[in-house]
Every structure is written in C-alpha cells, then in structure tokens.
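Residue 377 in the UniProt record's numbering sits at position 377 of the sequence shown; the count goes up by one each step and never skips. Glycine included, every Cβ here is placed at the ideal spot set by N, Cα and C. Note that the coordinates shown come from a computational prediction; the quantities given were computed from them, not determined experimentally.
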Amino acid sequence: MKNSVPVVKNEEYIIDIDSLGYEGKGIGKVNNFTVFVKGALKGEKVRVKIIKVNKNFAFGKLIDIIKPSVHRVEPVCSIYNRCGGCQLQHLSYSEQLIFKRKRVEDCLERIGKLKINKNYNYEDKNNHKYNENIINDGEIIESNNRDFSKDLKDSSGIIIHDTIGMNNPYRYRNKVQLPVGNIKGKFLVGFYSPRSHNIIDMEECHIQHIAGDKAVEAMKKWLSKYNISVYDEKTGTGLVRHIMVRKAFKTGEVMIVIVTSQDKLPYKEEFVELMQKNIEGLKSIVQNINSNNSNVILGKTCKTLWGKDTIVDSIGEFKFNISPLSFFQVNPVQTEILYNKALEYADLKGDEIVFDVYCGTGTISLFLSQKAKKVYGVEIIPQAIENAKINAKQNNIYNVEFIVGESEKVIPEIINTGVKADVVVVDPPRKGCERSLLEAIAKMKPERIVYVSCDPGTLARDLGILDGLGYKTIEVQPVDMFPMTGHVECCVLLKKAEK
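Laid out in structure tokens, this is it:
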C-alpha cells in the first residue's frame, strides 16, 4: 500500500505558515498535510526539517526564516529557545493579545458550536482567520473542513471582547518553582526544557519577579560552596529538590522555600544568612520536606527556618495570608482585573444569594461578598476551605459560608433547605466542569452564571452544554494572565434564556 504521507523524516521543506496553534507553534501545509513548527509565525515562509511524522500531522524543526513576519520581535530571554517557560516571546505583545482572542473565538465556535457576533467592532477580525483544525497538545481533535454554520446552536451572537493585556508584560509572576540539578559537578537551577525533565540553567527569568533571580543566584552559591547533594528523580537519591520563591506585590514581602527529600538540612544557618544578604523584603524562609519518589514538587511538611510562617499580600481591598502550600493567583495585577470583571458580570444589587463553585481559598467569594446578601463557597479540598475561612475572618467578612464537598452533591442539599441561588460563579480547574455539576447548576435556576476559565477548549465544551440546559452565553472577556505564553483566562457572562 502506497504511503499517503507527503513528508519524510529528516528531509527539509519550505513551508508557508498560515496560522498559530494553541501552544504557539506555527502551522503550515505540505500538499495539504499539517506540519507544526516551533518558533514560526503566521505569514512566514520557513525552511524546516521534519523531526517527527504521525498519521495526520508532522513536527518540523525551524532551520531558516526565508520571509519573516512583520510581527516577529527579538526575544528578551537568552535561553528562550531552550526553556519551556514561555512560548510567545518572539511575537509582538499586541499580536499575542489578538492571537489569544482568536483562540477563544475559535474554540467557542467550533467546539461549543456557539454563534459569535461577527459585527462586534474587533479591528482585526477579517485578517486573522484561525487555524484549519482544532488542535490540542499536538493532536487534531476535530477537522474544520466542513460548514459549521449549519449546526451552530441558536444564539443571539456572543460578544468576545479584546483581550485585556498588561502595561508591562514582564516580571509579572509572584511565584516561581525551580528544580535543582547537578551535571558533571555543575549545579543547575532553572526550568525544564519542553516535554522533558532536562533542567535549563538560568540566571535571569524575565516573567518572574527579580526576587526569584536573586534567590537562584544565592542558591547556586550555597550549593557550590558546601557541595550539597541534589535530588535525582531516576535514583530517588540526593537532598535538595526545588527552590520556590513567593513575592507579595502589594506588601513587598518575600518567602523562600527550599524543598528537600529529608528532614536534615546541612549548613542551614549559612543558607539562611546567604538568602538574607541577597533578597530585599525577605520575611520567611521555610524548608519543605518531600520524601515521595515522584515529580510532585511540594510535600505536606513545612518547617520555618527563619522569620514568619506566612507572608501577606492583597488583591483589591482584601488581605491574604500566603503559606508555602497556599494557592494564590500568580499574576496579582491581572487577577484583580479578572475578579472585578466577575463582580461586574454578577451584577449584584445587595439582596442576592450567590454560589461560588470551586471557591478555592475564597478569593472570588470575598470579592462577591462586597455586594451580595450571602455567598456560599463550595470546594472539595479541606485545606483550601480552612484557608478561605481564615481569609474571611482576617478581612472581617461575615456574609460568606464555606462548605467542603463535591459541588454537585452539596448544591442540591443547600437548595433543598429552601435557599435560592440568584447568581452562580464557577471557576473550575483546567479540565472544566463535570456535566453533572452543570446540570445541578441549571436546576438551581439562577438568573446569571459567571464562568471563570483557564482553558478555552473546556470552556467552550461547557458553554455548549449550558446552552443546551437553557443558559445563553452573552459575552466573553479574555484576560492575559500569562503574557509570553499561550495561556489565556476568560470571564464569561451567561443568562437564563427567555421562554
């Protein structure tokens, strides 16, 4: 049988890049066969070497840019092409924002089968047709070679706003976790290269706060001076596994966490002294013990070596205690914008009962409490609920009740007591919501649903389900929570359909 794949591994081809995939890879065609090219941009003509061939697509290595895009820029990071932390530094920031909006539009239209308001005044809507396939982690999950207009769900047309970007899209992260290694006597601290556990040694990261760079510098000095053993994932031996740095943007407080495989930490006093000398605003140094032979970063046990057990930061008017194990959004500037948008979409007048599903440590719940009569926060993780209660007490918030349990079970129990839900806010993990949860929410018959999402694909799927359950998507606000990467957050307003 003749092989129908038109490309051969290790051969070179000249390809026109016509779109960008979700991970920022350029997408082109060879005889209508899809090729993904890391580092290539839409509109470019490139020479690539095929490095992997699958049945429906291939991956190519960028050899030469014959015709560059007008939107190509020089990455600020010296290890950008090797590090796995960023994917879009070579694309101008204004185009990154356009790319992310189009990604959201593409997902809603193709996965959710929802009608987009094409008359919305989006300056680039006619010039940025998205890729010809729905791509998820390098796999084509649905072809675009058919007319979707025939099976789009009934909708008045969803407005997708321009992505809200940052004034400065660098140095925005308040938390960084870096693995530690040793190759032939050289100590390494850095990010993993893409799809591997090979550490790319770094001296400076342009998306994390400068406190992270200072901590890496001090960590390397300490490891080298005292020849500290580092953890080896393959053998399960060695002591130091990771270093984590947390920076409170509003208060300036910094926490350093050294993750070890054992309780004993040699040259502990020297480690503390070196960190104190190098890092401005340092308030806490903690040892986290993780003895598990796995790639999970943090263990359950923490020992404060110096200073406080927690640092304090704020979002809006609310203060939060942050421990080594606490969840806290990594971009506080954009988080405040996202949460204020959720509050705007909730449209609270002061007498509403609100449910915050997947409430985590209660950050959105506290924002909602400002204008709601009562907020119920539901979360399956007990420790998160304990933190949420502490956060509410610290901020003198008394109209929020936090409940541990599975939302699809807890919500009906509360409703059966006679409580009516006026607004439901849902902020699920990347995998989105279970259908049973969406059905439980629909049975509550809230007037509005506000959906906060970190993944456009699962968002689109869930909006499609909610559409079938009688809730129409009105508008979507993408927020660039992670500049220089392919990720985008969204805040979505849904309303109960009129009968």
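Integer-rounded CB distance, given that residue j should sit under 8 angstroms from residue i
i       : j       : result
Gly-418 : Phe-402 : Not a contact, Cβ separation roughly 20 angstroms.
Phe-367 : Asp-313 : Actually they are not in contact, since the Cβ atoms of Phe-367 and Asp-313 sit about 15 angstroms apart, beyond 8 angstroms.
Asp-467 : Leu-114 : 6 angstroms
Thr-363 : Tyr-339 : 7 angstroms
Ala-442 : Gly-405 : Wrong, their Cβ atoms sit about 19 angstroms apart, outside the cutoff.
Lys-49  : Asn-81  : In fact, because the Cβ distance is near 15 angstroms, the residues do not count as touching under 8 angstroms.
Ser-193 : Cys-83  : 7 angstroms
Arg-103 : His-90  : Between His-90 and Arg-103 the Cβ distance is about 17 angstroms, and since that is not below 8 angstroms, they are no contact.
Asn-391 : Phe-320 : 5 angstroms
Val-375 : Val-400 : 4 angstroms
Minimum C-alpha distance to residue i - residue among the options
i           : options                               : result
Thr-473     : Gly-181, Lys-495, Leu-368 and Tyr-80  : Lys-495
residue 579 : Val-176, Asn-182, Cys-491 and Thr-235 : Given a span of 1 to 499 for the chain in the structure shown, any question on residue 579 remains unanswerable.
Leu-97      : Ile-65, Ile-164 and Arg-171           : Ile-164
Gly-61      : Arg-448, Leu-88, Tyr-13 and Tyr-80    : First, the amino acid is wrong: residue 61 is Lys here, not Gly. Here the closest residue by C-alpha is Tyr-13.
Val-425     : Tyr-451, Arg-435, Ala-40 and Thr-34   : Tyr-451
Lys-186     : Lys-220, Glu-270, Ile-160 and Met-166 : Lys-220
Lys-431     : Ser-453, Ile-411 and Glu-413          : Ser-453
Lys-308     : Ser-294, Gly-281 and Tyr-231          : Gly-281
Thr-237     : Asn-182, Lys-247, Ala-218 and Ala-421 : Asn-182
Val-216     : Lys-42, Ile-256, Ser-436 and Pro-75   : Ile-256
Asp-16      : Val-46, Tyr-170 and Arg-246           : Val-46
Lys-234     : Lys-247, Ser-294, Asp-64 and Lys-184  : Ser-294
Ala-218     : Val-333, Val-245, Asp-232 and Leu-239 : Val-245
Cys-491     : Cys-359, Ala-372, Glu-344 and Gly-350 : Glu-344
Asn-227     : Thr-251, Gly-190 and Pro-266          : Pro-266
Glu-447     : Pro-6, Gly-26 and Glu-352             : Glu-352
Met-166     : Met-481, Gly-464, Lys-42 and Glu-498  : Met-481
Lys-100     : Thr-310, Lys-277 and Gly-457          : Gly-457
Ile-279     : Tyr-172, Arg-110, Glu-317 and Ala-211 : Ala-211
Cβ-heavy atom distance, residue i to the ligand NAP, below 7 angstroms
i       : result
Thr-458 : Because no ligand of any kind appears in the structure shown, any question about the ligand NAP cannot be addressed here.
Where residue i falls: helix, strand or coil (DSSP)
i       : result
Glu-401 : strand
Ala-355 : The question names Ala, yet the displayed sequence has Phe at residue 355. Looking at Phe-355 - three-state DSSP - the assignment turns out to be strand.
Phe-99  : helix
Pro-478 : strand
Ser-196 : coil
Thr-335 : helix
Ala-58  : strand
Gln-177 : strand
Asp-201 : strand
His-128 : For His-128, the predicted structure reports a pLDDT of 33, less than 50, and the residue's modelled location is therefore unreliable. The matter cannot be settled from this model.
Ile-210 : helix
Arg-47  : strand
His-487 : coil
Thr-163 : coil
Phe-36  : strand
Thr-363 : helix
Tyr-226 : helix
Glu-217 : helix
Gly-468 : helix
Asn-391 : helix
Phe-148 : Because Phe-148 sits at a pLDDT of 36, beneath the cut-off of 50, its placement in the model cannot be relied upon, and the point is left open.
Val-375 : strand
Val-104 : helix
Environment of residue i [buried if 16+ CB atoms lie within 10 Å]
i           : result
Val-30      : buried
Leu-493     : buried
Met-484     : buried
Gln-262     : exposed
Lys-106     : Going by the sequence as given, residue 106 is Asp instead of Lys. Buried, because 16 or more other Cβ atoms sit within 10 Å of the Cβ of Asp-106.
residue 520 : The chain is shown only over 1 to 499; residue 520 falls outside these bounds and no answer can be derived.
Val-479     : buried
Asp-213     : buried
residue 507 : Residue 507 is absent from the model: the chain starts at 1 and stops at 499.
His-197     : exposed
Ser-19      : buried
His-487     : buried
Thr-34      : buried
Val-8       : exposed
Tyr-122     : Residue placement at Tyr-122 is poorly supported in this model, since its pLDDT is 48, which falls under 50; the coordinates still yield a value, given next. Its Cβ being crowded by 16 or more others within 10 Å, Tyr-122 is buried.
Ile-285     : buried
Thr-301     : exposed
Asn-288     : buried
Gly-252     : exposed
Val-76      : exposed
Ile-243     : buried
Residue-chain proximity (residue i, chain C), Cβ-Cβ < 8 angstroms
i      : result
Gly-21 : The structure shown has no chain C; it contains just one protein chain.
Whole beta strand (DSSP E) elements within the region 230-288, 3-residue minimum: Here the runs fully enclosed are 240-247 and 254-260.
Minimum length 4: unbroken alpha helix (DSSP H) runs contained in the region 403-466: Entirely contained in the region 403-466, the alpha helix (DSSP H) runs reaching 4 residues are, in chain order, 407-415 and 435-444.
Can you list, in chain order, the stretches of the beta strand (DSSP E) that have 3 or more residues and sit fully within the region 64-91? Residue ranges of uninterrupted beta strand (DSSP E) with 3 or more members are absent from the region 64-91; none lies entirely inside it.
Taking only runs that begin and end inside the region 294-325, name each unbroken beta strand (DSSP E) of 3 or more residues, in chain order. 301-307, 311-315 and 318-322
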